[in-house]
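Novice: The sequence shown begins at 464 in the numbering used here and counts up by one.
Below you will find the structure I want to go over with you.
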Amino acid sequence: MIGETDTELAETGVRGTVSRAELRQVVAATYHQIWWPTTDRTVHAPDAPPHWSPEHAAFLDPTTGELLPTWDEALDLLDDDPEAQPAHILRFGPQLDAQGILVGSPQAARCVRYLTKYLTKSVAECHTPTTAAESDHVDRLAAELRHEPCSPTCTNWLLHGVQPKNAHAGLRPGVCRSRAHKREYLGYGGRRVLVSRKWSGKMLADHCAERRTWVLDVLGDIAGRAEPNRYVWEPVRPGDPDTAPLATRLLRAVAERVRWRAALDQALERAGGKPCPTTI
Ligand SMILES: [Zn+2]
């Protein structure tokens with residue numbers, strides 16, 4: 464499914480069979496509101512930010528010396544304000560291009576390649592500025608993003624008279640380390656793939672345990688449950704001499720996938736079966 468949000472193109476792969484009419488209704492009704500304190504105006508200048516008070520373990524207004532509201536207090540004020548509006552509303556735009564694709568078809572392979580390309584691409588790579596005006600535009604955008612609050616913990620809340628969530632000494636507006644402020648991300652600091660617990664209900668530890676079981680199964684009796692201490696499992700640290708270089712590991716992973724795909728195709732051929740009709 465390809466839909467256009469208000470600011471960018473969203474590409475999504477959905478497994479299953481969903482009618483286009485139903486999909487249109489879901490997309491039209493889908494939105495997300497972010498309830499944050501207002502950022503309409505800057506209360507403090509970046510070169511005169513609120514001070515940290517070790518005595519209060521909080522930030523103080525540099526002019527009045529008063530404690531700034533904590534993040535939770537600022538949210539409570541929003542709750543009490545009947546006029547309050549969400550800081551951001553995200554919804555899909557009017558364009559929707561839904562395509563049903565059969566698994567195993569050349570079109571499916573093409574779409575997977577397309578999605579993968581954009582999952583790994585830097586946002587800034589989509590268009591290279593070719594004129595001075597375009598470069599200036601990107602420069603202005605990057606400068607604006609530097610002081611835009613990116614998340615509840617962003618140091619830039621200090622410019623708006625609010626202590627960031629989990630505030631501590633040493634925070635300075637304009638130096639938040641989040642990817643959202645980086646030029647190559649252009650304000651997009653979020654995940655491009657949902658974390659596993661949101662689609663499979665499993666945590667990373669569950670996946671690791673499953674993978675371990677799978678590896679033991681592949682190793683079969685040699686690894687055997689009879690000899691549970693034969694293998695020692697430990698995380699691989701950077702610089703471990705037993706670890707092959709990243710390029711080699713990636714190529715091995717690709718070769719492994721190619722081998723799996725060939726084995727699956729052979730198995731399907733032997734069974735005389737056709738790939739199941741599945742929408743991607
Ligand atoms: Zn930030």
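Ideal Cβ placement from N, Cα and C applies to all residues, glycine included.
Quick one: what does DSSP say S585 is sitting in, helix, strand or coil?
Specialist: Position 122 of the sequence shown holds residue 585. Reduced to three states, the DSSP call for S585 is coil.
Novice: Identify every residue that forms a DSSP beta bridge with I497.
Specialist: Mapped onto the sequence shown, residue 497 falls at position 34. Answer by DSSP bridge pairing, in chain order: H551.
Novice: Check the C-beta distance from P500 over to L622 and give it rounded, since I have them as a contact under 8 Å.
Specialist: One-based indexing of the sequence shown puts residue 500 at position 37. One-based indexing of the sequence shown puts residue 622 at position 159. Not really, about 11 Å apart at Cβ, beyond 8 Å.
Novice: Among V477, R700, G664, G567, which has the Cα closest to the Cα of A725?
Specialist: As a working note, residue 725 is residue 262 in the sequence shown. It is G567.
Novice: Output the boundary residues of the alpha helix (DSSP H) element that contains A606.
Specialist: Counting from 1 along the sequence shown, the entry for residue 606 is found at position 143. Taken as a continuous stretch (DSSP letters only), the alpha helix (DSSP H) holding A606 covers 595 to 609.
Novice: Note the first and the last residue of the continuous alpha helix (DSSP H) segment covering A521.
Specialist: Locating residue 521 in the sequence shown gives position 58, counting from the first residue. Taken as a continuous stretch (DSSP letters only), A521 belongs to no alpha helix (DSSP H), being part of the beta strand (DSSP E) at 521 to 523.
Novice: Here's a check: name, in chain order, each residue in its chain whose Cβ is nearer than 6 Å to the Cβ of T470, leaving out the five neighbours to either side.
Specialist: The residue given as residue 470 occupies position 7 in the sequence shown. Caution applies to T470, whose pLDDT of 46 falls short of 50 and renders its modelled position unreliable; the value that the coordinates give is listed next. Correct list: empty, nothing qualifies.
Novice: Taking only heavy atoms of ligand 1 into account, decide whether any of them is closer than 7 Å to the Cβ of C671.
Specialist: Taking the sequence shown and counting its residues from 1, the one referred to as residue 671 is at position 208. Incorrect: C671 has no Cβ contact closer than 7 Å to ligand 1.
Novice: For P532, is the beta carbon positioned less than 7 Å from some heavy atom of ligand 1?
Specialist: The residue you call residue 532 lines up with position 69 of the sequence shown. No, the Cβ of P532 stays beyond 7 Å of every heavy atom of ligand 1.
Novice: Distance, Cα to Cα, S699 vs A707?
Specialist: Residue mapping note: residue 699 aligns to position 236 of the sequence shown, counting from 1. Residue mapping note: residue 707 aligns to position 244 of the sequence shown, counting from 1. Per the sequence presented here, residue 699 reads as Val, with Ser not at that position. Taking the straight line from one Cα to the other gives about 11 Å.
Novice: From E647, T493, A521, pick the residue whose C-alpha is nearest to that of I552; which is it?
Specialist: Taking the first residue of the sequence shown as position 1, residue 552 is located at position 89. Among E647, T493, A521, the Cα nearest to that of I552 is on T493.
Novice: Please report the residue range of the alpha helix (DSSP H) in which W723 lies.
Specialist: In the sequence shown, counting from the first residue as 1, residue 723 sits at position 260. Here the alpha helix (DSSP H) through W723 covers 709 to 734.
Novice: Mind checking whether Q496 and P549 have CB atoms under 8 Å apart?
Specialist: As a first step, residue 496 is located in the sequence shown; it is residue number 33 there, counting from the start. As a first step, residue 549 is located in the sequence shown; it is residue number 86 there, counting from the start. In contact: Q496 and P549 (Cβ atoms closer than 8 Å).
Novice: Check the C-beta distance from A571 over to C613 and give it rounded, since I have them as a contact under 8 Å.
Specialist: For this step, residue 571 is matched to residue 108 along the sequence shown. For this step, residue 613 is matched to residue 150 along the sequence shown. The pair is not a contact, with the Cβ atoms about 36 Å apart (cut-off 8 Å).
Novice: If contact is defined by three or more beta carbon pairs under 8 Å, each pair taking one atom from either stretch, is the stretch 592 to 605 in contact with the stretch 483 to 493?
Specialist: Touching, no, given that fewer than three Cβ pairs across the two stretches are closer than 8 Å.
Novice: What's the call for V625, buried or exposed, on a 16-neighbour Cβ count within 10 Å?
Specialist: For the purposes of this step, residue 625 is taken as residue 162 along the sequence shown, with counting starting at 1. Buried: at least 16 other Cβ atoms inside 10 Å.
Novice: Output the distance between the C-alpha atoms of G702 and T711, rounded to the nearest integer angstrom.
Specialist: Reading the sequence shown from its first residue, position 239 is the one you call residue 702. Reading the sequence shown from its first residue, position 248 is the one you call residue 711. Each residue's Cα considered, the two are about 15 Å apart.
Novice: When you compare only the Cα positions, how much space is there between P545 and V658?
Specialist: Reading the sequence shown from its first residue, position 82 is the one you call residue 545. Reading the sequence shown from its first residue, position 195 is the one you call residue 658. Rounded to the nearest angstrom, the two C-alpha atoms are 34 Å apart.
Novice: Note down the Cα distance separating H590 from E474, rounded to an integer number of angstroms.
Specialist: Residue mapping note: residue 590 aligns to position 127 of the sequence shown, counting from 1. Residue mapping note: residue 474 aligns to position 11 of the sequence shown, counting from 1. Cα to Cα, the separation comes out at about 18 Å.
Novice: Is it true that the CB of A521 sits closer than 8 Å to the CB of L531?
Specialist: Here residue 531 corresponds to residue number 68 of the sequence shown, with the count starting at 1. Here residue 521 corresponds to residue number 58 of the sequence shown, with the count starting at 1. Cβ distance < 8 Å, so L531 and A521 count as in contact.
Novice: Indicate the three-state DSSP secondary structure (helix, strand or coil) for P569 in the structure shown.
Specialist: One-based indexing of the sequence shown puts residue 569 at position 106. It is helical.
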